[in-house]
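The block underneath contains the structure these notes are about, expressed in structure tokens.
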Amino acid sequence: MDYSSDTRETAPLPGPASIADLFISFTLIALQGFGGVMPIVQREIVEKKRWVTNEEFLEDWSVAQITPGPNVINLSVIMGGRYFGLPGAIAAMSGLVMVPLLFVLLLAYIYAGMAEDPGSVRAMRGVGAVVAAMFAATGLKLASALKNNVLGMPLCIMLGTGCFAIVALLRGPLILALLGPGTIACVLVYRKIQP
Amino acid sequence: MTDVIAPGWHDWLGLLLHHMLLSLLSFGGTVSTLPEMHRYLVMDHHWLTNAQFTASITIAQIAPGPNVLFVAVMGWYAGMNAGGVLPGLLGTVVMMAGVLLPAATLTYFAAAWGHRNRGKRSVRAFKQGMAPLVIALMAATSWLMASVHDNLHQDWPLWLLTCLSVLVMWRTKVHILWLLAAGAILGYYGIV
């Protein structure tokens, strides 16, 4: 057998080293997520660890979006499941949830009046502004993954704007954006790609 | 003051089953089921007071981690109302399991199916078709968060902070925690 051409296939793909790695990675991601974990997931897993590309991240997120449940939780299940099956999915999801759970309960226990404390309300205003920026910045970074999309940039922008208008400006239900621009986009791609 | 409740096992079971059902309906996230959760927990079954309901959401936002952890706080308060720390922990477990497990299980199998069938034209069409929409939804989230502050005359420092933060995050490698801390400090001292 000729093995000399096999080196690309046998070189391990980058990814979590173990189930424990999944748990720890997602724990550390969650602990940086004040107000929004998704942008942290993109920064850590796509940019720093390079487990997936922006394109793959978008694909995973699409599935996370379409299934019920919080997107970031679904994303952890999808990613963890792909690397280590059910134990991987459980490890990734537990990472997002378990240690932060301790923090949250501690906070609830020791500072019941925190929600009304004027200082923390003011601080949360500032944090909220930064979190809004996080989502916008992540969107900008992910936009670069669209350059290979068969729809082409103009169509992507049109469909994206339609979706944005429905959800952000008209405050319509998500299902409308998924059924409207979503269906159009998927049908258009379907017709453009090879069987 | 909260109503004194003494829940029996069937109340706990109802709590679990109700949220498992909501889990399967929570498209777009658990926040989409908040009105229903409020009806069940506060109005109909008096597990929580209104104040505890809203406080749970704020506390989960302040704490690190997914915001969905507000359900853990709600479960905690519900159990504490029912009797103490031990029921509090039971409440946390029941709420978390109910709200998260059904949706996560469905997602797991949907993703596994999608992965097995990833060569299929319909699956590929879905992935590429959804891509621009997912980005648009990120932008929408950003907009919805920022536009809570719609009095530009007095809120312009917040908008400025957001725009500057976008630039820093998009173009530099400054760690996100520095920016979040800056936001908290600027907010605390009333600069934004």
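Line order of the protein sequences matches chains H and V.
In terms of the numbering used here, the first sequence opens at residue 920 and continues consecutively.
In terms of the numbering used here, the second sequence opens at residue 19 and continues consecutively.
The C-beta atom is built at its ideal place from N, Cα and C for all residues, glycine as well.
Check, Outcome
"Taking 9 angstroms as the CB-CB cut-off, is residue 1010 of chain H touching chain V?", "no"
"For residue 128 of chain V versus residue 110 of chain V, is the C-beta distance shorter than 9 angstroms?", "no"
"Rounded to the nearest angstrom, what separates residue 984 of chain H and residue 156 of chain V at their Cα positions?", "11 angstroms"
"Can you find a CB in chain V that lies within less than 9 angstroms of the CB of residue 938 of chain H?", "no"
"May I ask you to list, following chain order, the residues of the segment 33-47 of chain V that have a beta carbon less than 7 angstroms from some beta carbon of chain H?", "41, 42, 43, 44, 45, 46, 47"
"Less than 9 angstroms between the C-beta atoms of residue 10 of chain V and residue 1045 of chain H, yes or no?", "Because chain V in this structure spans residues 19 to 210, residue 10 of chain V falls outside the shown range and cannot be described."
"For residue 996 of chain H, return the contacting residues in chain V, with the cut-off set at a CB-CB distance below 8 angstroms.", "122, 125, 126, 129"
"Would you identify the three-state DSSP class for residue 1045 of chain H, choosing helix, strand or coil?", "helix"
"By how many angstroms is the C-alpha of residue 982 of chain H removed from the C-alpha of residue 148 of chain V?", "9 angstroms"
"Give the DSSP-derived three-state secondary structure of residue 1091 of chain H in the structure shown.", "coil"
"Roughly how many angstroms lie between the CA atoms of residue 1019 of chain H and residue 77 of chain V, to the nearest whole one?", "12 angstroms"
"With 16 as the cutoff for other CB atoms within 10 Å, does residue 98 of chain V come out buried or exposed?", "buried"
"Within 9 angstroms (strictly less), CB to CB, does residue 55 of chain V reach chain H?", "no"
"Just the Cα atoms here: how many angstroms apart are residue 52 of chain V and residue 1113 of chain H?", "43 angstroms"
"Once DSSP output is grouped into helix, strand and coil, what is the label at residue 953 of chain H?", "strand"
"Can you tell me whether DSSP reads residue 205 of chain V as helix, strand or coil?", "helix"
"Starting from residue 83 of chain V, follow its DSSP beta bridges and name the residues at the other end.", "H:953"
"Identify the continuous alpha helix (DSSP H) that holds residue 1111 of chain H and give its terminal residues.", "1102-1111"
"Measure from the alpha carbon of residue 86 of chain V to the alpha carbon of each residue in V:48, V:133, V:130, then state which is nearest.", "V:48"
"Got a sec? Which residues, its chain only, sit under 7 angstroms from residue 1013 of chain H by beta carbon, not counting five neighbours each side?", "942"
"If contacts are defined as beta-carbon pairs under 8 angstroms, then residue 1075 of chain H and residue 1068 of chain H qualify, I think. What distance do you get, rounded to the angstrom?", "6 angstroms"
"Out of V:105, V:83, V:207, V:32, point me to the one whose CA is closest to residue 175 of chain V's CA.", "V:207"
"Between the beta-carbon of residue 161 of chain V and the beta-carbon of residue 1060 of chain H, is there less than 9 angstroms?", "no"
"On the DSSP letters alone, give me the boundaries of the alpha helix (DSSP H) that residue 63 of chain V sits inside.", "Element bounds for residue 63 of chain V: n/a, residue is neither H nor E."
"Can you tell me whether residue 145 of chain V is buried or exposed? The criterion is at least 16 other CB atoms within 10 Å of its CB, across all chains shown.", "buried"
"Helix, strand or coil for residue 930 of chain H, going by three-state DSSP, please let me know.", "The predicted position of residue 930 of chain H is uncertain, since its pLDDT is 46 and thus under 50; a value taken from the coordinates is nonetheless stated next. Three-state DSSP puts residue 930 of chain H in coil, outside helix and strand."
"Going by C-alpha distance, which of V:130, V:92, V:172, V:197 is nearest residue 1004 of chain H?", "V:130"
"Taking only the alpha-carbon atoms, compute the straight-line gap between residue 997 of chain H and residue 964 of chain H and give it to the nearest angstrom.", "13 angstroms"
"Specify whether the segment 974-981 of chain H and the segment 1036-1056 of chain H touch according to this definition: at least 3 beta carbon pairs, one from each stretch, less than 8 angstroms apart.", "no"
"Assuming contact is defined by CB atoms lying nearer than 9 angstroms, are residue 1079 of chain H and residue 151 of chain V in contact in what I supplied?", "yes"
"Just reading off the alpha helix (DSSP H) that residue 1036 of chain H is part of, what are its end residues?", "Run containing residue 1036 of chain H: none; DSSP gives neither H nor E here."
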